[in-house]
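Here is the structure we will look at, set down as structure tokens.
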Ligand code: PSU
Ligand code: MN
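Numbering (the numbering used here), first residue to last: -16 to 291.
As structure tokens, this is what we get:
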């Protein structure tokens, strides 16, 4: 038994699926606690789980409650993550503080990858990942999500990165880190709200089975680290890049004017973007997460076929 297992609670249903090598998909909780307003956050979290079930996989939303790492939150626990007053944002460096202090924590992409690896789950669905921030040459602001993709063997299915980040620099970083980036059904890396970013990726695949084969090969070769699958938002929900870019410019200016630093930057920017688009961005956000859940769970199903 590994030492961390003392602090890990894997939901019964998830344990059973893992024991039988049935497909499981992990989900993050920062999107619930810090990414969307109540009650849409809870509705979305439950709808995403439902989508994963419909495709024959078991969902496991990850969060930390009173110092326990929960892999597979119940509906009541999801409600708790959405409404509790002091839920910290937890990336790799926050784990020891939150667990030792028996605190509540919402896991970021990096934090959720860590919990997924502890539990033995390989596929993770979310909305957007963190990346290299604009101006990182000066500020050194690079999300711990990228470092985690470099070291931890989880496949993260997302809708690309928001243009609050420097998309080109984020892709360069992932190349340096040895992380395969697969664009789903397109040559172009998607920019979250928009299907286009202006950046191509080396690998375009549109079939969950082929993607599962690439993931499996990465394990077989013992290369270590994760895989990023980027799925463009469905056309009917897309917000044009130019429109979002103006809003993002404004949010970025406010952020530096107010001297926001560190882990507060991303939540601040996300919140301002939401306000400045009058909630229009929230609808797109929900739709793209559901789309990612559809594709991610199909990949998980194919991976478990290979394993069996
Ligand atoms: N980007 C989004 N939505 C999000 C996040 C990022 O479009 O909710 C969250 C994720 O949990 C991600 C985290 O892991 O923010 C990254 O934070 P930071 O940039 O501080 O590493
Ligand atoms: Mn940062």
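Heads up, the beta-carbon is just placed ideally off N, CA and C, and yes, glycines get one too.
Source: prediction; values computed, not measured.
Subject >> residue 124: CB within 6 Å of a non-hydrogen atom of the ligand MN >> reply: yes
Subject >> For residue 249, the three-state DSSP class (helix, strand or coil) >> reply: helix
Subject >> Residue nearest to residue 58 in terms of C-alpha spacing, selected from 44, 243, 155 >> reply: 44
Original post:
Do residue 222 and residue 267 have their C-beta atoms closer together than 7 Å?
Top reply: yes
Subject >> Local Cβ density within 10 Å of residue 295, reported as buried at 16 or more and exposed below that >> reply: The structure shown does not extend to residue 295, since the chain is modelled only from -16 through 291, so no value can be given for it.
Subject >> Residues that residue 10 bridges to, as DSSP identifies them >> reply: 44, 108
**OP:** Quick one: residues in its chain with C-beta nearer than 8 Å to the C-beta of residue -6, no 5 flanking neighbours on either side, listed in chain order?
**Re:** 43, 53, 54, 55, 56, 57
**OP:** Return the first residue and the last residue of the alpha helix (DSSP H) that residue 23 is part of.
**Re:** 23 to 37
**OP:** Could you tell me the distance, in whole angstroms, from the CA atom of residue 82 to the CA atom of residue 70?
**Re:** 13 Å
Original post:
When burial is assigned at 16 or more other CB atoms within 10 Å of the CB, is residue 21 buried or exposed?
Top reply: exposed
Subject >> Beta-carbon contacts of residue 280 that lie in its chain and below 6 Å, excluding the five residues immediately before and after >> reply: 8, 35, 38, 40
Original post:
Is the shortest distance between the beta-carbon of residue 9 and the beta-carbons of chain D less than 7 Å?
Top reply: The chain inventory of the structure shown lacks chain D, comprising one protein chain alone.
Original post:
What's the gap between the Cα of residue 32 and the Cα of residue 80?
Top reply: 29 Å
Original post:
Can you name the start and end residues of the beta strand (DSSP E) that residue 202 belongs to?
Top reply: Note, residue 202: premise wrong, no beta strand (DSSP E); alpha helix (DSSP H) at 191 to 203.
**OP:** Determine the direct distance from the alpha carbon of residue 241 to that of residue 173, and round the result to whole angstroms.
**Re:** 30 Å
**OP:** With hydrogens ignored, establish whether the beta-carbon of residue 145 is closer than 6 Å to any heavy atom of the ligand PSU.
**Re:** yes
Original post:
Quick one, which of 261, 248, 247 has its alpha-carbon nearest residue 295's?
Top reply: Only positions -16 to 291 of the chain appear in the structure, and residue 295 is not among them; the question remains open.
**OP:** Answer yes or no: the CB of residue 87 versus the heavy atoms of the ligand PSU, is any distance below 6 Å?
**Re:** no
Original post:
Can you tell which of 115, 135, 23 has its C-alpha closest to the C-alpha of residue 201?
Top reply: 135
Subject >> CA-to-CA distance, residue 85 to residue 115, given in whole angstroms >> reply: 31 Å
**OP:** Run the proximity test for residue 44: is its beta-carbon closer than 6 Å to any non-hydrogen atom belonging to the ligand ATP?
**Re:** Ligands displayed in this structure: the ligand PSU and the ligand MN; the ligand ATP is not among them.
Original post:
Once you ignore the five residues that flank residue 192 on each side, which residues in its own chain have a CB closer than 6 Å to its CB?
Top reply: 285
**OP:** Compute the beta-carbon to beta-carbon distance between residue 165 and residue 186, rounded to the nearest angstrom, for a pair I have assumed lies under 8 Å.
**Re:** 5 Å
Original post:
Would residue 126 be called buried (16 or more neighbouring beta carbons within 10 Å of its own) or exposed?
Top reply: buried
**OP:** Check whether the Cβ of residue 54 sits closer than 6 Å to any heavy atom of the ligand PSU, and report yes or no.
**Re:** no
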